[in-house]
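No gaps in the numbering here: position 170 of the sequence shown is 170 in UniProt numbering, and each next residue is one more.
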Amino acid sequence: MAAMRKRFSSSSVEEDGINFFDNAGDTGSDSTGEEEHPYASLLCCHSVQDSLLSSNSSFTRYRGILNWVIILLVLTHAHLFLENFIQHGFLIDVKKVLGHLIEDNCNWPSVYLILAANMFALAALFLERFQEKGMLSASSVHRLHLVNLGLLVLFPAAVIIHEPTISTGGAFFSLWFYTVLGMKLYSYQETNLWYRQARSDKDQNGSVTQPDHSENQTLRDLYYFLLAPTLCYQRSFPTTPKIRINKLLHRLLEMVVIVQIMVGIVQQWIEPIFQRSENSFCSMDIAMRVEHLVGLVAPTHFLWLLFFFLSHSYLNFCAELLCFGDRHFYGDWWNATTLAAFWKNWSIPFQKWSHRHVYSQLVERRVSSSQAELLVFLMSAALCEYLVALPLHSCRLWIFLMMVFELLVAVFLGNYFQGNYGNGLVWLCLLLGPPLAATSYFHDHYIGLHLHHSASPLKPDHRVFLQLR
Numbered sequence: 001m002a003a004m005r006k007r008f009s010s011s012s013v014e015e016d017g018i019n020f021f022d023n024a025g026d027t028g029s030d031s032t033g034e035e036e037h038p039y040a041s042l043l044c045c046h047s048v049q050d051s052l053l054s055s056n057s058s059f060t061r062y063r064g065i066l067n068w069v070i071i072l073l074v075l076t077h078a079h080l081f082l083e084n085f086i087q088h089g090f091l092i093d094v095k096k097v098l099g100h101l102i103e104d105n106c107n108w109p110s111v112y113l114i115l116a117a118n119m120f121a122l123a124a125l126f127l128e129r130f131q132e133k134g135m136l137s138a139s140s141v142h143r144l145h146l147v148n149l150g151l152l153v154l155f156p157a158a159v160i161i162h163e164p165t166i167s168t169g170g171a172f173f174s175l176w177f178y179t180v181l182g183m184k185l186y187s188y189q190e191t192n193l194w195y196r197q198a199r200s201d202k203d204q205n206g207s208v209t210q211p212d213h214s215e216n217q218t219l220r221d222l223y224y225f226l227l228a229p230t231l232c233y234q235r236s237f238p239t240t241p242k243i244r245i246n247k248l249l250h251r252l253l254e255m256v257v258i259v260q261i262m263v264g265i266v267q268q269w270i271e272p273i274f275q276r277s278e279n280s281f282c283s284m285d286i287a288m289r290v291e292h293l294v295g296l297v298a299p300t301h302f303l304w305l306l307f308f309f310l311s312h313s314y315l316n317f318c319a320e321l322l323c324f325g326d327r328h329f330y331g332d333w334w335n336a337t338t339l340a341a342f343w344k345n346w347s348i349p350f351q352k353w354s355h356r357h358v359y360s361q362l363v364e365r366r367v368s369s370s371q372a373e374l375l376v377f378l379m380s381a382a383l384c385e386y387l388v389a390l391p392l393h394s395c396r397l398w399i400f401l402m403m404v405f406e407l408l409v410a411v412f413l414g415n416y417f418q419g420n421y422g423n424g425l426v427w428l429c430l431l432l433g434p435p436l437a438a439t440s441y442f443h444d445h446y447i448g449l450h451l452h453h454s455a456s457p458l459k460p461d462h463r464v465f466l467q468l469r
C-alpha cells in the first residue's frame, strides 16, 4: 500500500498534460479536493460516455461483428444443408448443368444470338465513321442510330419468343447481354455527338482547331468500351499500370465458388421446394404454406449471391483484366437510411448512365427534377420487369408493381423512419420485396413447365427447374 501511495503521490497530472476528469462532467462540490488527492485515479474511474453500439456513439470499427455474422451464417446454412441432404439426398447433377449450358446438342441459339450482336456494334461504328468523314449528315446518322438501337431491342425479344430450343438460362443471359449492349451503344453515339458539338462550338468561337478524333473510332476503341465494366462512353478511360495476376486469380476463384454455391442452392433447395408445391399457394394446407415460406429463404440467398457475383466479383474481374481504373461499382447501399439513397448507390454504372443520358436530358428539356427522377425510376422498374418476364414467357407485372410499392413506401413513410429506423425499413423492403416477386415468377414458370410437358404428377426425381425448354 505504501508503494502504491508513493507511485500516485509522485505522479503528477502536469507531467503529460492529462486531466483525469476532463470527461467526468460535474462530479460534485468536492471534485477539486479529489483531484488533489494522491488516490485521485482510484477514487474517480467513471466519465460521461456512450455505449459503443448505441446510436449516439461515434464508434465505427465493426469488423469483428461482421466476421461473427459471417461465421454464424455459415454455421446456420451448414445445418440447413445437412438437414436437406438427410431428407432428400444429394441432388446436385453436374451433367444436368452442363446439358443446360450447351442447350440442345450442337444447336446453341443463345450463343448464336450473342454472336449476332456484333452486327449492331459494327453498324454503330461505321455510322460514326461515315459522319466523321462527312459521308452522311448528322440528322441522317442520328436516325440510323435510332433504327439500329430499335432493331437491337426487338431482335432478341423475337428470337426468345419464337425459338423453342432456347433454354431459360440462355434467354436470360442473351437478354441481359443485349440490354447492356443497347445502353452502351446509346452512350457511344450520344457521347460522340457531344464531342462533335463541343468541337464545332470551339471552331465557331475562333478557338484553336481541335484535333481529328477519327483515331478513336476504331474496333479496338469500341470493343474495349463494350468489354469494360461501364455503361458510359468516353474517348479516354482511366487505366491502371498493369494486370495484377494475384487479384485476377482471386476474383476468378471467387466467381467459381459463388457459381458452385448458387448451383447447389438451386438443385438442393429450390427444386425440392417447387416439387412439393405443385399446387398453388392458396390451395396448400397450413403446414405446407409454412414450409414453403420458410423455404423461400433459399431463393433469397440465391438472389443475393447473384447480386454479389455481378456487382462485385465479375465487374472487378473485368476491370482487372482490362486495367480499367474506375472501379466504383457500388456505394455503401447497406447503410442507406432511405430507399432513394439505396437506389442511387446499389449500381453506380447504371446510376451514371441514367443521370447522364436520361435525367440530364430531361432537365435540359425543361422537365422538373422531380418528374425526371420519377421517369427514370419508372424506366428502371419497367426494365427490370422486362429482363425477368420475357425469358420466362410470362408478364405478371409483379416486379414492376413491387418497385412502385417501394416508391410509395419511400414517399409516405420516409419522413417517419429516419436514421437506424430508416435503414431497418430499407432492409425490410429489400428482404421481402425483390425475392418474393422473383420467386413468384419462377414458381409459376416451374409449374407451367410441368403442366406443359406432363399431365402426370411430378415424381421426386424429376428435377426440371433447369430443364432446357
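Where a beta carbon is used, it is the ideal one built from N, C-alpha and C, also for glycine.
In this structure, what does DSSP give as the bridge partners for residue i?
i, result
"THR239", "PHE324"
Using the Cβ count rule (16 or more neighbours within 10 Å means buried), how would you classify residue i?
i, result
"PRO238", "exposed"
"HIS443", "buried"
"GLU83", "exposed"
"ARG251", "buried"
"LEU181", "buried"
"THR168", "buried"
"SER354", "buried"
"HIS301", "buried"
"GLU364", "exposed"
"PHE120", "buried"
"ILE243", "exposed"
"SER29", "Bear in mind that the predicted position of SER29 carries a pLDDT of just 44, short of 50, making it unreliable; the figure below should be weighed with that in mind. Exposed is the call here."
"ASN192", "buried"
"GLY150", "exposed"
"ALA158", "exposed"
"GLN260", "exposed"
Measure the alpha-carbon distance for residue i versus residue j and round it to whole angstroms.
i, j, result
"ILE114", "PHE417", "45 Å"
"HIS312", "LEU43", "53 Å"
"ILE71", "LYS352", "35 Å"
"SER58", "MET262", "38 Å"
"VAL409", "LEU231", "29 Å"
"ILE245", "PHE309", "19 Å"
"LEU407", "THR338", "11 Å"
"ASN319", "SER110", "Note that residue 319 is Ala in the sequence shown, not Asn. In a straight line, the C-alpha of ALA319 is about 25 Å away from that of SER110."
"PHE377", "SER347", "13 Å"
"GLU373", "ALA341", "13 Å"
"PRO460", "ARG61", "Confidence is the limiting factor: at PRO460 the pLDDT is only 39, short of 50, which leaves the residue's position unreliable and the question unanswerable from this model."
"LEU431", "ARG366", "37 Å"
"LYS184", "ILE86", "48 Å"
"TRP194", "PRO164", "43 Å"
"PHE405", "THR179", "25 Å"
"GLU128", "LEU144", "10 Å"
"ILE258", "ALA116", "29 Å"
"LEU219", "SER139", "24 Å"
"residue 491", "ASP332", "This structure gives no information on residue 491, because the portion of the chain shown stretches from 1 to 469."
"ILE65", "GLU132", "57 Å"
"ASP221", "TRP343", "31 Å"
"MET135", "SER370", "41 Å"
"ARG63", "ARG327", "23 Å"
"ILE399", "ASP50", "43 Å"
"ASP108", "PHE173", "The sequence given here places Trp at residue 108; Asp does not occur at that position. Their Cα atoms are separated by approximately 13 Å."
"ILE166", "VAL266", "20 Å"
"residue 492", "THR76", "Residue 492 lies beyond the residue range present for the chain, which begins at 1 and ends at 469; the question has no answer from this structure."
"ALA381", "HIS46", "54 Å"
"GLU385", "CYS429", "17 Å"
"TYR112", "VAL411", "45 Å"
"MET255", "LEU306", "10 Å"
For residue i versus residue j, is the C-beta distance shorter than 8 Å?
i, j, result
"ILE161", "LEU175", "no"
"LEU322", "TYR224", "yes"
"ASN335", "ASN415", "no"
"GLN197", "LEU125", "no"
"SER55", "GLY419", "yes"
"PRO434", "LEU248", "no"
"SER200", "TYR233", "no"
"TYR330", "ASN316", "no"
"PRO229", "PRO156", "no"
"LEU413", "LEU397", "no"
"PRO299", "ALA78", "no"
"LEU388", "TYR441", "Just to set this straight, residue 388 is Val in the shown sequence, not Leu. In contact: VAL388 and TYR441 (Cβ atoms closer than 8 Å)."
"PHE130", "VAL141", "yes"
Counting only C-beta atoms, is residue i closer than 8 Å to chain C at any point?
i, result
"ARG396", "The question asks about chain C, but that chain is absent: this structure has only one protein chain."
Three or more C-beta pairs under 8 Å: does that hold for the stretch 233 to 253 against the stretch 347 to 365? A contact between stretches requires three or more CB pairs, one per stretch, nearer than 8 Å, and the stretch 233 to 253 fails this requirement with the stretch 347 to 365.
The stretch 426 to 445 / the stretch 386 to 395 touching (three or more Cβ pairs under 8 Å): yes
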